[in-house]
Amino acid sequence: MRLNPNMAATFPPPVMEARRWIDGVEFPADRPLINVSQAAPVDPPPAPLREAMSKFVLEDDGTHLYGPVLGLPELRAEVASQWTAAYGGEVAAEQVAITSGCNQAFASMIATLCAAGDEVIIPTPWYFNHKMWLDMGGISSVALKAGAGLLPSVDEAAKLITSKTRAITLVSPNNPGGVEYPSDLLGAFYDLCEAHGIALIVDETYRDFDSRSGAPHDLFTRQNWDETLIQLYSFSKAYRLTGHRVGAMVASVARLAEAEKFLDTVTICPNQLGQRAALWGMQNLAAWLGEQRAEILARRAAIEKHFPKLAAKGWTLQGNGAYFAYMTHPFDEPSNELAQRMVRDIGVLCLPGTMFVPEGDPSGATSLRIAFANIDADGIAELFTRMETL
């Protein structure tokens, strides 16, 4: 079978690979599997939202038809309005587009920026789907190794910029590290990109679970921000709409016009039911979303409370926030082997650091990512009790 070499060069989907590790493994009733491998809510949308969705299905014929390629106008306007209020800068509806999930937003933006042979700088540990998409397009992922606190260095990024660099991509709050990038750090990256005439892509999928109050950055207040900034977002986490595939991107009108070409040839339009659900959620679920944020912050606190059990055995907590804890282990075995042993020995499924760094980067072999969005404080306590026994 002949394969596109770019496709063959990238790795299999990490979450699917990890799921295969549990095949044939039996978990006793008194110690069921703790699955902390995927960063996605397992519960359905809240009941009021599902009721609204049922009405859309039954009463709104447009739910079943093609719609505008760049998304439902009402949802674009709602995002623009709420973003303007939240970030303190002016965002217009024409600068917002709706996509089939945040991954598609990234893919469409890269399609407007890059051709084969171009380069995009991404901090490591990276979000692996970003790396996979760049690989498949023949675009070089230039690794920017994160420093203390898993924060990337602007000075080190500047050294990596070449004539082929088209963008720097940041994720904050971070996947896989969980860290929240300080406003001044994001601002410094913006200044660097603006000075070099390249794009700054900021993926804020987890913005709704940021522990800070107020705007996490001031990028939308910058003059002509849309000449440099591209922001990505997902409705999946906030409203539990993972299966409905609804994301958003905020960029210049001209760039969205180019992205429209990509989107039209891939999905024609975003999921119509999902868009209506996202709009209803934005307009009606602010209090509920606040409760979900508080619960995630409580789980983050539970990680900090129980981690000393592992710290006493040589573990280090590198990052903790949003949906993730990123940690180093004290064992001689590489993390990809340790993660598989954890399934067999303690009934825990997580992802190894080797999935988040370039091949050969030694930091991957010593790291694990715990996605704690689907276990409560009691589940986190049980998780650490099991990990103590390794």
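full-length UniProt numbering puts the sequence shown at residues 1 to 390.
Beta carbons: idealized from backbone N, C-alpha and C, even for Gly.
Figure out for me which residue from T112, F106 and G117 has the closest Cα to the Cα of residue 431. Because the chain spans 1 through 390 in this model, residue 431 falls outside it and cannot be assessed.
Inspect the beta-carbon positions of A278 and G88 and report whether they are closer than 7 Å. Residue mapping note: residue 278 aligns to position 278 of the sequence shown, counting from 1. Residue mapping note: residue 88 aligns to position 88 of the sequence shown, counting from 1. In this structure, G88 does not lie closer than 7 Å to A278 by Cβ.
Segments of 4+ residues assigned as alpha helix (DSSP H) that fall wholly inside the segment 61-146: As far as the segment 61-146 is concerned, its whole alpha helix (DSSP H) runs of at least 4 residues are 73-87, 102-113 and 128-136.
Between the Cα of D218 and those of D23, A85 and P41, spot the shortest distance and give me the residue it belongs to. Reading the sequence shown from its first residue, position 218 is the one you call residue 218. The option with the nearest alpha carbon to D218 is A85.
Run through the DSSP bridge pairs and tell me what S367 is partnered with. Taking the sequence shown and counting its residues from 1, the one referred to as residue 367 is at position 367. For S367, which the question treats as bridged, DSSP gives the partners T328.
Do P334 and G314 have their beta-carbon atoms positioned less than 7 Å apart in this structure? Here residue 314 corresponds to residue number 314 of the sequence shown, with the count starting at 1. Here residue 334 corresponds to residue number 334 of the sequence shown, with the count starting at 1. Judged by beta-carbon spacing, P334 lies beyond the 7 Å limit of G314, meaning their Cβ atoms are not closer than that value.
Burial state of I268 (16 or more Cβ within 10 Å): Translated into the one-based positions of the sequence shown, residue 268 becomes position 268. Result: exposed.
Which residues in the same chain have their Cβ closer than 6 Å to the Cβ of I230, if we skip the five residues on either side of it in sequence? Against the sequence shown, residue 230 aligns to sequence position 230. Within the same chain, I230 has close Cβ partners M109, A199, I201 and A251.
From the DSSP output, in three-state form, read off Q223 for me. Within the sequence shown, numbered from 1, the residue matching residue 223 stands at position 223. In the structure shown, Q223 sits in coil (DSSP, three-state: anything other than H, G, I, E or B).
Considering only DSSP beta bridges, list what A157 is partnered with. Taking the sequence shown and counting its residues from 1, the one referred to as residue 157 is at position 157. Per DSSP, none; premise fails for A157.
State yes or no: is the C-beta of K309 within less than 7 Å of the C-beta of F384? Against the sequence shown, residue 309 aligns to sequence position 309. Against the sequence shown, residue 384 aligns to sequence position 384. Contact annotation: K309 and F384 have beta-carbon atoms nearer than 7 Å.
Name the residue from W133, H130, S140 and L186 whose alpha carbon lies nearest to the alpha carbon of D155. As a position in the sequence shown, residue 155 is number 155, starting the count at 1. The shortest Cα separation from D155 among W133, H130, S140 and L186 belongs to L186.
Determine, using beta carbons only, whether P125 and L144 come nearer to each other than 7 Å. Looking up residue 125 in the sequence shown gives position 125. Looking up residue 144 in the sequence shown gives position 144. 7 Å or more divides the Cβ of P125 from the Cβ of L144.
If you compare alpha carbons, which of L351, I303 and G364 is closest to I375? As a first step, residue 375 must be located in the sequence shown, where it is residue number 375. Nearest C-alpha to I375: I303.
Mind checking whether P176 and Y326 have CB atoms under 7 Å apart? What you label residue 176 is simply residue 176 of the sequence shown in a count that begins at 1. What you label residue 326 is simply residue 326 of the sequence shown in a count that begins at 1. Here P176 is near Y326, since their CB atoms are less than 7 Å apart.
D183 versus R245: straight-line alpha-carbon distance, rounded: If you number the sequence shown from 1, residue 183 lands on position 183. If you number the sequence shown from 1, residue 245 lands on position 245. Before going on, a small fix: residue 183 reads as Ser here, not Asp. If I take the Cα positions, the gap works out to 29 Å.
Residue nearest to E26 in terms of C-alpha spacing, selected from I346, Y190, A18 and Q95: Start at 1 with the first residue of the sequence shown, and residue 26 comes out as number 26. Here the closest residue by C-alpha is I346.
Runs of 4 residues minimum, wholly inside the segment 185-262: which ones carry the alpha helix (DSSP H) assignment? Counting only runs of 4 or more, we get 236-239.
Counting along the chain, where does the alpha helix (DSSP H) carrying V57 start and finish? To locate residue 57, count along the sequence shown from 1; it is residue 57. Looking at the DSSP string, the run of the alpha helix (DSSP H) that includes V57 is A47 to E59.
With distances taken Cα to Cα, identify the nearest neighbour of I168 among T205, L113 and G149. On the sequence shown, position 168 is the one that residue 168 refers to. For I168, the closest alpha carbon among the candidates T205, L113 and G149 is that of L113.
Looking at the strands, I want to know which residues DSSP matches up with L289. Taking the sequence shown and counting its residues from 1, one reaches residue 289 at position 289. For L289, which the question treats as bridged, DSSP gives no partner whatsoever.
Answer yes or no: do R276 and F56 have a C-beta to C-beta separation smaller than 7 Å? Numbered from 1 along the sequence shown, position 276 holds the residue referred to as residue 276. Numbered from 1 along the sequence shown, position 56 holds the residue referred to as residue 56. Contact: yes.
Please list the terminal residues of the continuous alpha helix (DSSP H) segment that includes I380. Locating residue 380 in the sequence shown gives position 380, counting from the first residue. Note, I380: alpha helix (DSSP H), A377 to E388.
Quick one: using the 10 Å Cβ neighbour count with 16 as the cut-off for buried, is A69 buried or exposed? Within the sequence shown, numbered from 1, the residue matching residue 69 stands at position 69. The displayed chain sequence assigns Val, not Ala, to residue 69. Classification for V69: buried.
If the criterion is Cβ atoms closer than 7 Å, does the pair I98 and G62 meet it? Taking the sequence shown and counting its residues from 1, the one referred to as residue 98 is at position 98. Taking the sequence shown and counting its residues from 1, the one referred to as residue 62 is at position 62. Not a contact, by the Cβ cut-off of 7 Å.
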